[in-house]
Each structure stands twice: as structure tokens, then as C-alpha cells.
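Take 84 as the starting number for the sequence shown in the working numbering and just add one per residue.
A quick write-up on the structure given underneath.
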Amino acid sequence: MSTQHAEGSATISTDVDEDRRASGMAVGSAVWVFSFLILRIFAVSGYNWETAFLVSTTMSLNDGLSILFGSLMAGHVLVAVLLIFVQPILIAALVWGAQDRRLVMLLAAVVGLVILITLTASFGSWWLPVTATLVLVSFVMIRRLPEANKVRKLWAAIILRAVGVAGAAVLVVAAFLQTPWVPHEVIETTNDTINGYVMSVDSGYLNVLTDDHEFVIIVSSDVISRE
């Protein structure tokens, strides 16, 4: 009877731990998404409060994925530099990390590899896979160090938090990349020529963020061409 009670208590405890872990991941993901969007809004606005407020009015709850994807596309140089370190970390976490995170690491590593290959082929950045490979080789050498070695301990701590490292890298892109997530356009109007980014198109007018991080509204009937 006592054995059954102990087994039941252990099962309940495990379920509680799993629920807490799932809740923690959900909260962490929500905080990350909110942080990413806030950083992107301020970054493209030149960290001007009023401009950031105006830019935020052009967004909806369904724009999150397009903002993330567009930001990575717009900041390909910064993404490439960060990928030199992030991709080897994801691969190391896949090979030597915790067993219960293998699927997540596999998906992340595959996505990172696709981005790396695309950047290399699109911009001729052959230095990117070469440098990333050298970093991965250095990881192999670090892993051969004694477990008590401080460098290996630091490396192991980073690998253990590979998902967090990748998430932090994306936040770095969000904070420092001032290029918006939409294509750059040259808008010729009846009064002037405006260089900037069309953040949204509403009925009768365009919401444009200029190259100088100024938010302007253009009446659609005044637009002669958009290139």
C-alpha cells in the first residue's frame, strides 16, 4: 500500500514538474516575442519615442512572423556574423547536449544551416561556412580538455543553454538593425520624392518611415510612382 502511495506521489510530482517546465517555457517564449517586437520598433525608429509610437500603429498581432523573417532578411550581414558562432553552438548541442532536447536542437540546427547556405550562395560569402567550421573544430578541441578546465566548463554552460544563446543572438539583431522589415522604396509624389519604407497601406494613404527615421503619411492620390 505504501509502495503504491509512493509511486503515485512520484508520478504526481513528475507531472507537476513537467507542468511547471511547460509554463516556464510558455512565459519565456512570450517574453522573448514581446522583447523582440519592442526592440525592432525602437531600432527602426532610431530609438525615438514618438516615431516608435507611430510605427507601432502600423502593426497588428498577425505581423510577428513577417517582422521576424523580414528582419533577418534585411540584416543579412549581422545575421551572418552571429551565425558564425550560433550555428556551431547548435550543432554542438545536438551532438553533445541533453538527450531530451535533441529534436529541438535538430530543428534549430537545420534552420541555421539553411540560412547559412542561403547567405553563402546569395552573397558569395564563402568565408561564412569556412569560419563557422573553424569555430566548430575549436569546440571539438575544447571538449577534449579535462572536465575541470575553466574553458571547458564555460563552453559546457553555453552548450547547455544553446536555445537561449540563439534567442539572444536574434535579439541582438533586433536591437542593432535599424533597417525595417519591408523593402526600401523610392516614392515619387506630386510634391516631392521620398526615400523610405512603406510600413503599411491603408485606405487612401501610405504610412512611410523615411531613411532619416521620420514617419510621414502620404495621400495615395499624390503618389506618382513607387520603385
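C-beta: ideal position from N, C-alpha, C; glycine also.
The segment 164-178 contacting the segment 251-258, beta-carbon criterion three pairs below 8 Å: As far as the Cβ criterion goes, the segment 164-178 touches the segment 251-258, which means the pair count is three or higher.
Beta bridge counterpart(s) of SER35 as assigned by DSSP: The question about residue 35 has no answer, for the chain in this structure spans 84 to 310.
Residue of GLY279, THR214 and ARG123 minimising C-alpha distance to ILE270: Between ILE270 and the set GLY279, THR214 and ARG123, the nearest pair of CA atoms involves GLY279.
Integer-rounded CB distance, given that LEU190 should sit under 8 Å from THR203: Incorrect: roughly 21 Å between the Cβ atoms, too far for contact.
Contacts around ILE174, its chain only, beta-carbon distance under 7 Å, and the 5 residues preceding and following it disregarded: ALA192 and LEU219.
Where the alpha helix (DSSP H) through VAL255 begins and ends: Following the DSSP letters along the chain, one finds VAL255 inside the alpha helix (DSSP H) bounded by residues 245-259.
Test: ALA252 CB closer than 8 Å to a CB of chain C: Note that chain C does not occur in the displayed structure, where there is just one protein chain.
DSSP bridge partner residues for PHE152 (one or two, in chain order): PHE152 pairs with nothing; no bridge assigned.
Extent of the continuous alpha helix (DSSP H) to which VAL194 belongs: Per DSSP, the unbroken alpha helix (DSSP H) holding VAL194 starts and ends at 185-206.
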